[in-house]
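Structure first, commentary second.
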């Protein structure tokens with residue numbers, strides 16, 4: 001069994017929460033970092049939709065990585 005197939009099988013056997021954690025940190029690291037950086041910049045002056053664009057990109061990436069529409 002190739003490592004790619006083994007990794008895919010392992011990811012599929014995880015619970016939904018663990019799959020979410022795996023995809024949000026591994027697959028969507030760039031988007032997660034951009035969202036986190038935005039939050040760090042505005043955390044003292046929190047307002048609605050301050051990091052909306054970054055959050056939407058991150059959410060889209062996670063949904064695509066998990067192959068499920070919410």
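In full-length UniProt numbering, the protein residues as written are 1 to 70.
We put the CB at the ideal spot given by N, CA and C, even for glycine.
The C-beta of residue 35 has 16 or more other C-beta atoms within 10 Å across all chains shown, which makes the residue buried.
Assignment of residue 61 by DSSP, reduced to helix, strand and coil, places it in the helix class. Straight-line measurement puts the Cα of residue 37 at about 15 Å from the Cα of residue 49.
Close CB contacts of residue 28 within its chain, under the 8 Å cut and outside five residues either way in sequence, are with 58, 61, 62, 65 (chain order).
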